[in-house]
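A quick write-up on the structure given underneath.
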Amino acid sequence: MTSEITVNPKETWDLIIQPHRSWWDLRLGDLWRYRDLIRLLIWRDFVAAYKQTVLGPLWYVINPVLSSVIFTVIFGNVAKLSTDGLPPFLFYMTGNTLWMYFSMCLTSTANTFTANAGVFGKVYFPRLAVPVSVVISNLISFSLRFALFLAFLLYFYLSGSNIHLTWWALSLPLLLLMMAGLGLGFGIIVSSLTTKYRDLQQLVVFGTQLWMYATPIIYPLSTVPENWRWLLLANPLTPLIEVFRLGFLGVSSVNPMSLLYSFAFMIFTLLIGVLIFNRVESTFMDTV
4 MTSEITVNPK ETWDLIIQPH RSWWDLRLGD LWRYRDLIRL LIWRDFVAAY
54 KQTVLGPLWY VINPVLSSVI FTVIFGNVAK LSTDGLPPFL FYMTGNTLWM
104 YFSMCLTSTA NTFTANAGVF GKVYFPRLAV PVSVVISNLI SFSLRFALFL
154 AFLLYFYLSG SNIHLTWWAL SLPLLLLMMA GLGLGFGIIV SSLTTKYRDL
204 QQLVVFGTQL WMYATPIIYP LSTVPENWRW LLLANPLTPL IEVFRLGFLG
254 VSSVNPMSLL YSFAFMIFTL LIGVLIFNRV ESTFMDTV
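Structure (structure tokens):
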């Protein structure tokens, strides 16, 4: 003789996992509920980047220094590109410091599904936690590069260089927020598309390098002819780089109000990215 016992799931479980039912069923509150996991992922991303290396985290500050030295030699001494009267090394390091944060966020989040397919297929947690942890862990590495940048800034200032801080330096948290949003938005869009189109993985690094040359990193906006300047201003990263220089070096050719365009572009990109990511995560295991 058998008997059936009916159990109310709501009385048995604290959390009921259900499939996403619509495009707008984003469940962003799950990120806060899994904040401990995000902290562990942040630590993993930061430590594992240069694990079993001799210099370890020092590579976070060596890279921008080497890049700035190479840019100074090639674009400053050989090509003789203008730097708006600023010390070439400091000019290039200003752009590199902010650009590296964006590029690392983009390239790291672009392979979210393919790099974590083994974990995603075994246990449930909000998939968006992985790219969010990458953006935050890259913020730690940015703080190291920014501290080094401030040290060089102080050195050149004491050496008598024509640089000065402006009130726009206080906009740094906003600039980082927009850089993080753009990197996360574009990154999760690419990661969602690479579940079906693996070719995009090969194009991400190359495309990011091309994007750098379309951003005033190695040249100031003032050197671009007026009839072509709108192309650079259509790039949402251009106002961020130029306002960063305006804040810490005191020289820029961009209207700071163009940050409104970058902010709107960031919100749109992030929204589209989260919607696509949310749609793909339920079926990506069938295609990865």
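In the numbering used here, the protein residues as written are 4 to 291. We treat Cβ as the ideally placed atom computed from N, Cα and C, and that holds for glycine. Because the structure is a prediction, the values reported are computed rather than measured.
Only residues of its own chain outside the window of five on either side were considered, and among them 63, 64, 67, 100 and 103 have a CB closer than 7 Å to the CB of residue 148, listed in chain order. Pairing residue 95 with residue 256, the inter-Cα distance amounts to about 16 Å.
By the beta-carbon neighbour count (other beta carbons within 10 angstroms, threshold 16), residue 146 is exposed. The alpha carbon of residue 180 has as its nearest neighbour, out of 40, 265, 38 and 32, the alpha carbon of 265. Boundaries of the alpha helix (DSSP H) around residue 44: 38-51. Between residue 218 and residue 192, the C-beta spacing is not below 8 Å. Under a 10 Å Cβ-count criterion, residue 158 is classified as exposed, with fewer than 16 other Cβ atoms of the shown protein chains found around its own Cβ.
Residue 283: member of the alpha helix (DSSP H) spanning 262-283, first to last residue. Taking 8 Å as the cut-off, the beta carbon of residue 48 is found no closer than this to the beta carbon of residue 126. Taking C-beta separations shorter than 7 Å and ignoring five residues to either side along the sequence, the partners of residue 248 in its chain run 97, 254 and 255, following chain order. The beta carbon of residue 233 is closer than 8 Å to none in its chain, skipping five residues each way along the sequence.
Residues 269, 270, 272 and 273 of the same chain have their beta carbon placed closer than 8 Å to that of residue 184, with the five preceding and five following residues left out of the count. Boundaries for residue 77: no alpha helix (DSSP H) harbours it, and the DSSP string shows neither H nor E there. Cβ contact annotation for residue 115 (same chain, cutoff 6 Å, sequence separation greater than five): 133, 134 and 194, in chain order. By the CB criterion at 8 Å, residue 196 and residue 187 fall outside the cutoff.
Taking 8 Å as the cut-off, the Cβ atoms of residue 92 and residue 84 do not count as close. For residue 73, the number of other beta carbons within 10 angstroms of its own is below 16, and it is reported as exposed. The continuous alpha helix (DSSP H) containing residue 118 extends over residues 115-118.
Counted as a single uninterrupted DSSP element, the alpha helix (DSSP H) harbouring residue 137 occupies residues 132-161. Between residue 209 and residue 109 a beta carbon distance of about 12 Å is seen, past the 8 Å cut, so the two are scored as non-contacting. DSSP, read as helix, strand or coil, puts residue 238 in coil.
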